[in-house]
Amino acid sequence: MPAARPSTVPATLGRGPRAGLLLVGVLLLGANLRAGITAVGPVLPQIEHQVGLSAFQASLLVSLPLVAFAVVSPFAPRIAEALGLERTLGCALAVGIVVRSVPGPGLIWVGTLLLGAAIAVLNVLIPSVIKRDWPQRIGPMTGVYKSVTALTAALASGLVVPVADVVPSGWRLALGMWAGLAVIGLAVFLPWILGRVEGPRVPTPPLGTEPSAPSSGGGEGAAAPSGPARGADAAASAPVAPVRRERTRLPLRAALAWQVSLFMGLQSTVYYTMVTWLPAIQIANGASAVQAGWYHFAFQACGLVGTLFSAFMIPRLRAQSGLGVLLAAVGLIGVLGLLLFPGLSFLWALCVGFCTGGAIVVAMALFGLRSTDYHQAAALSSMAQSLGYVLAALGPVVIGLVKDAMGSWTLPLVLLAGVAVAQWVFVALAGRQRTLGERG
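Using the working numbering, read the sequence shown as starting at 224 and increasing by one per residue.
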């Protein structure tokens with residue numbers, strides 16, 4: 224008999240069809256992570272008019288998914304522990320996509336909240352899947368799926384208004400049409416959801432539990448065979464050590480985890496503030512409504528360039544501090560440009576788009592690069608995204624309130640520039656070559 228494969232080898236490796244199918248599923252998941260949010264801004268005036276929302280209610284509608292991100296993220300690893308990673312991803316994909324677009328009292332709020340909760344689960348668990356199944360290609364794989372995310376976000380921003388203008392149902396179909404990708408993604412994950420695809424034969428510890436030291440044949444969590452027995456028979460008959468189940472523990476006492484979390488939150492604050500208010504800033508700087516729409520599309524499209532750039536650079540760097548500082552500097556230039564040289568608003572939109580597109584790849588890659596296994600990656604991802612999206616949810620609301628109080632975009636842009644500087648500081652710390660548990 225050939226020697227048994229160690230269970231430390233991810234279950235997808237060596238199984239081409241399964242690995243390819245899982246990759247397709249991850250990319251389809253990535254396609255739904257931002258499109259459902261970025262598509263709202265351009266049709267927000269139509270939603271306000273048809274649903275009867277005040278300006279304050281409209282700002283809450285935009286921030287509601289981010290609130291759901293913050294609330295749901297800490298529970299995502301426990302959900303995955305109970306259902307399995309793939310089942311959780313597949314089920315989350317099917318939740319909340321269509322409800323928001325269905326006519327009915329309050330459904331727009333319920334659907335938006337469900338959509339935010341579903342995306343929160345996906346945001347936390349996809350880095351864990353990448354850490355588990357592509358541990359040597361965290362940067363490229365993160366870049367690939369975030370590129371799909373950025374591309375569909377840009378397409379959603381550019382297509383939602385033309386579609387809403389030509390179809391009888393208006394903004395409802397324009398927002399709901401992205402459910403098609405969700406249905407396809409759900410079909411991809413059906414083998415895992417139905418239990419037709421098996422995971423590793425040797426049990427792995429639940430999220431939050433440190434794995435036992437691998438033995439010569441039994442793999443992770445297996446006891447070494449006693450006596451002179453060696454080879455496949457000994458490995459196959461080796462007893463499996465009982466798994467001690469513990470509740471998922473977030474790395475709240477680790478300084479590195481807080482650095483990663485704050486960087487995640489600050490870069491998300493810049494992105495979602497710009498997603499919400501960039502068209503209004505551009506119009507205040509002299510652009511027409513049509514021009515502002517195209518500037519918003521260019522902002523999203525340049526985010527794809529930043530995404531690809533980060534995906535290319537991360538595998539070639541021992542640490543990510545320099546890359547993160549560069550991206551933060553470009554974002555700071557864009558924000559200050561909007562404030563000081565408003566006539567070049569298109570250029571500054573490209574700068575901020577490049578920064579946010581690249582920064583999210585760095586942030587998501589850090590969940591795997593700063594952890595030792597995919598359990599720890601899920602815990603770090605959960606903590607960072609919970610804290611991060613609290614900041615991101617507050618950003619657009621605070622900026623809008625300050626603008627209303629001051630009557631101009633000067634102070635809001637100064638505050639956003641301060642956020643970019645803080646992002647610079649924390650990515651310099653989080654990007655150093657370390658993992659959780661190391662000193663220094």
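All residues carry an ideal CB built from backbone N, CA and C; glycine is no exception.
Please state whether DSSP places residue i in a helix, a strand or coil.
i    : result
R360 : coil
P434 : With a pLDDT of 38 at P434, under the threshold of 50, the predicted position of this residue should be treated as unreliable, and no value is reported.
F535 : helix
R476 : coil
S594 : coil
G441 : Bear in mind that a pLDDT of 34 at G441, under 50, signals an unreliable position, so the number given afterwards is only what the model happens to contain. DSSP places G441 in coil when its eight states are reduced to three.
R257 : coil
F569 : helix
G543 : Residue 543 is actually Gln in this sequence, not Gly. Q543: coil per DSSP, three-state reduction.
T658 : coil
A262 : coil
A551 : helix
A291 : helix
L276 : coil
M400 : coil
G509 : coil
F520 : helix
G393 : coil
T427 : At T427, the pLDDT of 40 sits below 50, so the modelled position is not reliable; the number obtained from the coordinates is stated separately. Three-state DSSP puts T427 in coil, outside helix and strand.
F207 : One cannot answer for residue 207 here, as it falls past the ends of the chain, which runs 224 to 663.
For residue i, which residues from the same chain have a beta carbon less than 6 Å from its beta carbon, with the 5 sequence-adjacent residues on both sides left out?
i    : result
R257 : T372 and A376
P297 : S605 and S609
V553 : C574, F577 and C578
G654 : A542, Q543, S544 and G547
E271 : A281
R346 : According to the sequence provided, residue 346 is Asn. The question's Arg does not apply to it. Counting only Cβ-Cβ distances below 6 Å, and skipping sequence neighbours, we find Q608.
Among residues of its own chain, excluding the 5 on either side of residue i, which ones have a beta-carbon nearer than 8 Å to its beta-carbon?
i    : result
A640 : L555, V558, L559 and L562
M629 : P635
P265 : S380, V383, V384, P502, G516 and H519
I407 : L251
L276 : I270 and L284
P474 : A480, Q599, A602, L603, M606 and L659
Give me, in chain order, the residues of the same chain whose beta-carbon lies closer than 7 Å to that of residue i; leave out the 5 immediate sequence neighbours on both sides.
i    : result
I504 : L561 and W632
T261 : A376, A379, S380, V498 and Q523
G618 : T492, Y495 and T496
V528 : F577 and G580
V644 : L555
Q490 : T579, A582, I583, A586 and Q646
V249 : I349, V352 and Y368
V642 : L489, T492 and V493
T335 : L284, L287, P288 and R323
A600 : P350, S351, K354, F590, G591 and S594
A569 : The question names Ala, but residue 569 in the sequence shown is Phe. Y518 and A521, listed in sequence order.
T658 : R593, S594 and T595
A477 : L659
L652 : Q482
A387 : V266, Q269, G393, W394 and A397
V333 : V322
A507 : W632
S484 : M606, A607, L610 and G611
Under 8 Å by Cβ, that's how I've got residue i and residue j pegged, so tell me the actual separation to the nearest angstrom.
i    : j    : result
I361 : K354 : 7 Å
A616 : S351 : At roughly 23 Å, the Cβ-Cβ gap does not stay under 8 Å, so A616 and S351 are not in contact.
Q543 : L589 : 7 Å
A510 : V650 : Going by Cβ atoms, the distance from A510 to V650 rounds to 31 Å, so no, they are not a contact pair.
G366 : S533 : 6 Å
G339 : A291 : 3 Å
M487 : A607 : 4 Å
Q269 : G393 : 6 Å
L251 : V390 : Wrong, their Cβ atoms sit about 24 Å apart, outside the cutoff.
Y612 : A293 : 4 Å
Please indicate yes or no: does the CB of residue i lie closer than 6 Å to some heavy atom of the ligand COA?
i    : result
G366 : Annotation note on the ligand COA: not contained in the displayed structure, which lists no ligands.
Enumerate, from N- to C-terminal direction, the unbroken alpha helix (DSSP H) stretches of 4 or more residues contained entirely within the segment 611 to 656.
633 to 653
Taking only runs of the alpha helix (DSSP H) that begin and end inside the segment 323 to 391, which ones reach a length of at least 4 residues, in chain order?
330 to 356 and 361 to 389
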